[in-house]
Every structure is written in C-alpha cells, then in structure tokens.
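In the numbering used here, the protein residues as written are 1 to 261. Glycine residues also receive a C-beta, built at the ideal position from the N, C-alpha and C atoms. Quick caveat: nothing in here was measured; it's all calculated off a predicted structure. Scroll down for the structure; my scribbles are underneath it.
Right under this line is the structure:
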C-alpha cells in the first residue's frame, strides 16, 4: 500500500445536498444530475478451478442506465501475490462481462479503468459529447474529461484478505471489516486523500450513506449485510500544455458483497 502526504481536499468534486443523520454518516437525497458510475458485479465467493463471471455495469445505484464502449475499457485480474493479468471484456446486453478461472486460493481482485470521454457542459446544464469547439453557437461553461475506476474482491476457497492498493489514479482501498464497520482508505495519485466524501449505496436502500475521510485519507462506514457500492470522486486540472478540456473528473467505485451471519 502506498504511503505519502495527504492529498488536497480541493481536488474533490461534491454532488448534492446532505441530510445529517449522525456523526458517523449522512444520507444524500437522490439527484438526477449525478454522473454515471461504473461498477462490477461478481460472486460472493468462488472455487479454485471453477469459471467465474463478472459483470461490468454503467449507471446509478445498481441500475444500468448507460452503455459502455469496450474500446476504452481496460480490465485486469489480480490474483493474490501475483501481477495483474489483462482480461478481455465482451458485450453482454446492456453491460460488459469478463470471465476467469482462479488457479490458486486466496482473494482475487478485479480492476477496471474506463475513459468515458469528453463532455461540454452548457450554461443551462446540458452535457454535450465532445469538445467545446464542436458547439460554436452554444454557450459552454466548461469541458470535462470523465475517467472511471472500479474494483471488487472475490475470495477463492478462503475468507477475504484485503489486498491493499493497486495504484489506480483514484482508488478506494478496504482495510478491515468488523462488526458491520468497514475501514477504508481513499488514495488519489497514490497518496491518501483527506476530506473525500464517500457514498455507500445498498441495493435495497433508496438513499446513500455518506462519510468523509480524515487527515490520513481514512474513513469508517457502517455497512450491514448486503450488496454495496462505495463511491468517491475527485477532480484535477490538465497539464499546462493540454487545452482540450478544463478539468478531469475521476470516479472510483468499490463493490462489496457482505454476507449475513
């Protein structure tokens, strides 16, 4: 796991009003303007030598609401203690699927990176595909490049052992899960990101639980048994010699399936 100075809270991109519940988490009202999220759906556990299928989805709150371009989608399998292995995604209806056969026991990790493209956001809030020079007659307030990162862990023939960081541009790293409390770390550029808002969405709940990372980039979330999407956002500016877009919006999603006792 990478260690470094805390990230800068100004890199965060925050959406929506909050409704305070208590000191541990909040609930965010659902908003139609929130950007799509990328997530992975896989089995709760797997057996060595058996084929595993994972589904990669694009939408909101476990609902598929968009299509993926496989040409800008990269998927890897990270077996325990081994290098990442590229997987070949294939279209599967309104989502994308990957398959693998675990050869060893231990916690396997699926990683996805998706370049969703550049969008010009108009002054009245519309999102138009492409750069602002495509719309000379439309007032564009900014042009945004969207990058998505997703991760899930699948234990094979043994209990989960949290694998640590994989060096994604934006990453949620689970550290421990005990008595329905998940401790996690948010990393941006390989460094802990302080002040990052984290949204936890359960498949059976309509609202999001919300936490925030501390000065070390860590947070605690209460997650009862069920299927969970853990989401965070960050933004950065392009390098000085890049003028195609005004800012890059990064989204990271960790999918966890928590079994009941």
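For residue 152, the enclosing beta strand (DSSP E) covers residues 140–156. With respect to the C-alpha of residue 84, the residue from 129, 108, 122 and 243 having the closest C-alpha is 108.
If you draw a straight line from the Cα of residue 58 to the Cα of residue 37, it is about 6 angstroms long. Apart from sequence neighbours up to five positions away, the residues of its chain that approach residue 201 with a beta-carbon distance below 6 angstroms are 61, 208 and 229, ordered along the chain.
Residue pairing for residue 127: DSSP places it in a beta bridge opposite 121. Of the residues assessed, residue 132 falls on the buried side of the cut-off, its CB having 16 or more other CB atoms within 10 angstroms.
With a cutoff of 8 angstroms on beta-carbon distance, residue 174 and residue 168 are scored as not near each other.
Beta-carbon to beta-carbon, residue 184 and residue 221 are separated by about 7 angstroms, close enough to satisfy the 8 angstroms threshold. According to the DSSP assignment, residue 95 belongs to the beta strand (DSSP E) that extends over 95–100. Excluding its 5 nearest sequence neighbours in each direction, residue 82 has no C-beta neighbour in its own chain below 6 angstroms.
Residue 106 places its beta carbon 8 angstroms or farther from that of residue 136. Under the rule that a run must span 3 or more residues, the beta strand (DSSP E) segments found entirely inside the region 157–223 read 170–178, 181–188, 197–202, 208–212 and 218–222.
Rounded to whole angstroms, the gap between the alpha carbons of residue 94 and residue 53 is 16 angstroms. In the DSSP annotation of this structure, the continuous segment of the beta strand (DSSP E) that includes residue 58 starts and ends at 52–60.
One alpha carbon belongs to residue 151, the other to residue 126, and they sit about 30 angstroms apart. Taking all protein chains in view, the Cβ of residue 50 is surrounded by fewer than 16 other Cβ atoms within 10 Å, so the residue is classified as exposed. Buried is the label assigned to residue 46, since at least 16 other Cβ atoms lie within 10 Å of its Cβ. Each residue's CA atom was taken as its position, placing residue 158 and residue 166 some 21 angstroms apart.
A direct Cα-to-Cα measurement between residue 40 and residue 122 gives close to 31 angstroms.
Between residue 89 and residue 56, the C-beta gap is smaller than 8 angstroms, which places the two residues in contact. Under the three-state reduction of DSSP output, residue 47 falls in the coil class, being neither helix nor strand.
225 is the residue among 225, 194, 211 and 71 whose C-alpha sits nearest the C-alpha of residue 203. Secondary structure at residue 86: strand, using DSSP grouped into helix, strand and coil. Take the alpha-carbon of residue 239 and the one of residue 48: they are about 45 angstroms apart. Counting only the Cα atoms, residue 176 lies some 9 angstroms from residue 161. Counting C-beta atoms within 10 angstroms of its own C-beta, residue 193 has 16 or more neighbours from the protein chains shown and is therefore classed as buried.
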